[in-house]
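I have placed the structure first, in the form of structure tokens, so that the comments after it can refer back to it.
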Amino acid sequence: MEAIDIIEPKRRPSQKMDKTLKKSFPVTGMTCASCASSVESILTHTEGVAKASVNFANSSVLVEYNDSLTSEDLRKALQSVGYDLIVDAENPSEAQQELQEKHYQEVKRRTIWSAILTLPVFILGMFYMDWVPGRWISLAFTIPVLFWFGRSFFINAYKQARHGKANMDTLVALSTGIAFIFSLFNTLFPEFWHNRGIHPHVYYEAATVIITFISLGKVLEEKAKSNTSSAIKKLMGLQPKTLRVIVDGEEVEMPIASVEVGYTILVRPGEKIPVDGEVAEGNSFVDESMITGEPIPVEKSKGEKVFAGTVNQKGSFRFTAEKVAGETLLAQIIKMVQEAQGSKAPVQKLVDKIAGIFVPIVMVISIVTFITWMLVGGDDAFTHALLTSVAVLVIACPCALGLATPTAIMVGVGKGAENNILIKDAESLELGYQVNAVVLDKTGTITEGKPVVTDIFWEDEEQSEKLKPMVLAMESQSEHPLAEAVVQKLKEEGIKSTTISQFNSITGRGVEAKYKNGTSFYIGNQRLLAEHNISVSNQLDKKAKTLREEAKTVIFFANQDQALAVLAIADKIKETSKKAIETLQERNINVYMLTGDNQQTAHAVAEQVGLKEFKAEVLPSDKADFVKGLQVKGKIVAMVGDGINDSHALAQADVSIAMGKGSDIAMDVAKMTLITSDLQSIPKALKLSKKTVLGIRQNLFWAFIYNIIGIPIAAGLLYPVNGFLLDPMIAGMAMAFSSVSVVANSLRLKAAKI
Numbered sequence: 105m106e107a108i109d110i111i112e113p114k115r116r117p118s119q120k121m122d123k124t125l126k127k128s129f130p131v132t133g134m135t136c137a138s139c140a141s142s143v144e145s146i147l148t149h150t151e152g153v154a155k156a157s158v159n160f161a162n163s164s165v166l167v168e169y170n171d172s173l174t175s176e177d178l179r180k181a182l183q184s185v186g187y188d189l190i191v192d193a194e195n196p197s198e199a200q201q202e203l204q205e206k207h208y209q210e211v212k213r214r215t216i217w218s219a220i221l222t223l224p225v226f227i228l229g230m231f232y233m234d235w236v237p238g239r240w241i242s243l244a245f246t247i248p249v250l251f252w253f254g255r256s257f258f259i260n261a262y263k264q265a266r267h268g269k270a271n272m273d274t275l276v277a278l279s280t281g282i283a284f285i286f287s288l289f290n291t292l293f294p295e296f297w298h299n300r301g302i303h304p305h306v307y308y309e310a311a312t313v314i315i316t317f318i319s320l321g322k323v324l325e326e327k328a329k330s331n332t333s334s335a336i337k338k339l340m341g342l343q344p345k346t347l348r349v350i351v352d353g354e355e356v357e358m359p360i361a362s363v364e365v366g367y368t369i370l371v372r373p374g375e376k377i378p379v380d381g382e383v384a385e386g387n388s389f390v391d392e393s394m395i396t397g398e399p400i401p402v403e404k405s406k407g408e409k410v411f412a413g414t415v416n417q418k419g420s421f422r423f424t425a426e427k428v429a430g431e432t433l434l435a436q437i438i439k440m441v442q443e444a445q446g447s448k449a450p451v452q453k454l455v456d457k458i459a460g461i462f463v464p465i466v467m468v469i470s471i472v473t474f475i476t477w478m479l480v481g482g483d484d485a486f487t488h489a490l491l492t493s494v495a496v497l498v499i500a501c502p503c504a505l506g507l508a509t510p511t512a513i514m515v516g517v518g519k520g521a522e523n524n525i526l527i528k529d530a531e532s533l534e535l536g537y538q539v540n541a542v543v544l545d546k547t548g549t550i551t552e553g554k555p556v557v558t559d560i561f562w563e564d565e566e567q568s569e570k571l572k573p574m575v576l577a578m579e580s581q582s583e584h585p586l587a588e589a590v591v592q593k594l595k596e597e598g599i600k601s602t603t604i605s606q607f608n609s610i611t612g613r614g615v616e617a618k619y620k621n622g623t624s625f626y627i628g629n630q631r632l633l634a635e636h637n638i639s640v641s642n643q644l645d646k647k648a649k650t651l652r653e654e655a656k657t658v659i660f661f662a663n664q665d666q667a668l669a670v671l672a673i674a675d676k677i678k679e680t681s682k683k684a685i686e687t688l689q690e691r692n693i694n695v696y697m698l699t700g701d702n703q704q705t706a707h708a709v710a711e712q713v714g715l716k717e718f719k720a721e722v723l724p725s726d727k728a729d730f731v732k733g734l735q736v737k738g739k740i741v742a743m744v745g746d747g748i749n750d751s752h753a754l755a756q757a758d759v760s761i762a763m764g765k766g767s768d769i770a771m772d773v774a775k776m777t778l779i780t781s782d783l784q785s786i787p788k789a790l791k792l793s794k795k796t797v798l799g800i801r802q803n804l805f806w807a808f809i810y811n812i813i814g815i816p817i818a819a820g821l822l823y824p825v826n827g828f829l830l831d832p833m834i835a836g837m838a839m840a841f842s843s844v845s846v847v848a849n850s851l852r853l854k855a856a857k858i
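Read left to right, the sequence shown gives residues 105 to 858 (the working numbering).
Quick look at the structure:
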């Protein structure tokens, strides 16, 4: 259930103290940004409500209201205008999901049936237009398409009209409704026109095709919306539902909701840490990549901090709970992602904005046309008035307008997929070409994201082949995460392990073991060698310093007397990273690197890839703040990352790009995902955006040029000059041709080079 915060207002003298409740509710029925505004407005003006704030990204509303009101009162206020609140479900989020899925399936079913019934109407209207029985067949098929499967357009148009607004639904309802009524009249009373020497036409196919095409767009829109909350759900899934608490020396399993600060919690190998706390007993390595983004697990011993959602590796330990429920770092990340998603005002689609002005103008032009012809039309005034006003409405049909953006987007998305770029929505394509700042995460984005052995230097190269099996045997038994990189390297070289005895892991230092001849061997850091008085030659010592300057982790292999080899481990830079960064810089795009790693490592990586601007030792919130800071300076920012720790910054950025091999959550938050790990796909994605936006603008031009030229002609502008009146059938053909030209123009993008 949603948590409720109690806000205590100031008490006035001799006044009973009121309470204000602050609660978040899932909202259903919102389909566009104007719907969100309506919900906000309706609730805000409900008596007893102090404030209402809609988060369109996750379909929820945060309401501050007087405790004299109930949740049901708020629900009724919204239900009166066609929206609804989920107030009585045990799990409101799940209930909302179920309703969204049900709505999507319903829209999909309606679209399929609309298409099935539209096909015969289209064939009859285009190829058998003069066959009289065909009109009655078309009428029978058109009625369910318009008034059952397409009823939502008429219902939504009515809702908009009640609030004095107009959108695409208004345009669809108006044009299809007029075309249907006019066609119905011509079907029922054809003699009305025959007596006046005019052959009556019907436009059932225009009405049904419009409903079907626009419904298809709605299906795609609903499918995209159904996935918007998956990132939050997966973040929440990082926290286990139960944990083991030590009570009076005994292990007790309890729900995570019951844990309190001060509890002693047991974490076993492979388990997720449930809440934030401090290690009290034991030691282990913990994978904190979801917070820091760094691939190497961090050693934890007594006094070290641990965080919810991170994963324990091979050891087990007990820790004391310090932050629980909404106070944990994971909970804060979840909250930050939600806020970043909600803080961005949803882009009001250009077509909706234009339609809001276009529809009333078309209606006015149609009415003015009718009145003008009634006044100056002479003997055929009514006939001419009716035909011209209907022609105006038919030629202003929104089919091309409705197709202008989605067709270009669909082709652009397909073009991206061909180039290993998965695009989730139109917003990223609309904004991508404006990007002038790119923020890159280091680990897994610029680098490979996993530790590998980059160098091995031996004191005596001739002895190396004899000693490598010893190194493999010791590292195979080690629990240290870096040991896996060494094992992988030696196995790739075809080295076979040998037999060792008395293996011992030394916490924070390394490992030691004995060979069958009794000789002791060590693998670890320089402190391990110093503690056992093992000497390091000038040659190896100098090499180790050089490797550290290159931001590599250095470990030694030694016997009981001297160091025998030095090994360097690092997160390798991708081969294409430097070229991709150069390409972006050549386009006057500022490139920045952010990392949770130390300053020395960050500097070394930045230098190798040609970056001057970078920031080290950053937390998830720091990354988001950095992005926000660039936006405040007027930058259009693209964030590229691969980890959970990048999710807040990805949500904050104008354009968010995830690496395909990264975490599922990063990919869910991001609006684009690169299937390949090649950073050169980033400049390609931005160029694709430019091409797609150009296609959208061209499509809108073609969609409107017919109206700009066609509406005056349909209104009878040429009649005084040459006696020409545009037949509504020709108007319908012009409308259809505008749609064809829009689709054809969109398909040109397929051949474009990015």
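Heads up, the beta-carbon is just placed ideally off N, CA and C, and yes, glycines get one too.
What separation, rounded to the nearest whole angstrom, lies between the Cα atoms of residue i and residue j?
i, j, result
"ALA489", "LEU688", "59 Å"
"VAL825", "ILE817", "11 Å"
"ALA655", "SER163", "46 Å"
"ALA819", "ALA310", "19 Å"
"THR280", "THR432", "54 Å"
"LEU723", "ALA706", "14 Å"
"LYS388", "GLY407", "It is worth fixing the name first, because residue 388 is Ser in this sequence and not Lys. Taking the straight line from one Cα to the other gives about 13 Å."
"LEU533", "LEU792", "8 Å"
"PHE607", "LEU576", "13 Å"
"VAL211", "GLU679", "47 Å"
"ASN637", "LYS418", "30 Å"
"ARG626", "THR603", "The amino acid at residue 626 is misidentified as Arg; the sequence shows Tyr. Taking the straight line joining both Cα atoms gives about 15 Å."
"LYS788", "ILE858", "6 Å"
"GLU357", "GLU579", "35 Å"
"TRP217", "ARG255", "13 Å"
"LEU715", "ARG691", "15 Å"
"SER681", "LYS795", "24 Å"
"LEU147", "VAL165", "10 Å"
"HIS584", "VAL591", "11 Å"
Kindly list the residues whose CB is nearer than 8 Å to the CB of residue i, restricted to its own chain and excluding five residues on each side of it in sequence; keep chain order.
i, result
"ILE259", "GLY186"
"ILE525", "MET776, THR777, LEU778, ILE779, SER785, LYS788, ALA789, LEU792"
"VAL556", "ALA589, GLN592, LYS593, ILE673, ALA674, ASP675, LYS676"
For residue i, tell me which candidate among the options has the shortest Cα-Cα distance.
i, options, result
"ASN849", "TRP806, LYS647, LYS788", "TRP806"
"ALA674", "PHE253, PHE661, ARG652", "ARG652"
"GLN630", "PHE661, ALA774, GLN606, LYS732", "PHE661"
"ILE800", "GLY482, THR509, ILE220", "THR509"
"VAL313", "LEU221, THR476, GLY353, LYS263", "LEU221"
"VAL167", "LYS126, PRO130, ASP188, ALA412", "LYS126"
"PHE129", "ALA154, VAL158, SER145, GLY152", "VAL158"
"ILE227", "ASP273, ILE610, TYR307, LYS263", "TYR307"
"HIS207", "ARG266, ILE360, MET134", "MET134"
"VAL351", "LEU342, GLN343, LEU370, ALA361", "LEU370"
"GLY745", "ALA755, GLY738, LYS737", "ALA755"
"THR547", "GLY700, MET467, ILE302", "GLY700"
For residue i, does the three-state DSSP call read helix, strand or coil?
i, result
"VAL451", "Its pLDDT being 32, under 50, VAL451 is placed unreliably in this model, and the value from its coordinates should be taken loosely. Looking at VAL451 - three-state DSSP - the assignment turns out to be coil, as it is neither helix nor strand."
"LYS788", "helix"
"LEU166", "strand"
"SER157", "strand"
"ILE560", "strand"
"GLU654", "coil"
"GLY536", "helix"
Decide if residue i is buried, meaning its Cβ has at least 16 other Cβ atoms within 10 Å, or exposed.
i, result
"PHE828", "exposed"
"MET763", "buried"
"VAL472", "exposed"
"PRO464", "exposed"
"LEU178", "buried"
"PRO237", "exposed"
Can you name, in chain order, every residue of its own chain whose Cβ lies under 7 Å from the Cβ of residue i, other than the five neighbours on each side?
i, result
"ILE599", "LYS572, PRO573, LEU576"
"GLY386", "GLY419, SER420, PHE421, ARG422"
Tell me which same chain residues have a C-beta within less than 6 Å of the C-beta of residue i, skipping the five on either side of it?
i, result
"GLN643", "none"
"GLN704", "ALA655"
So is residue i in contact with chain C if we call contact Cβ pairs under 7 Å?
i, result
"THR602", "Considering every chain present, this structure includes no chain C. It has just one protein chain."
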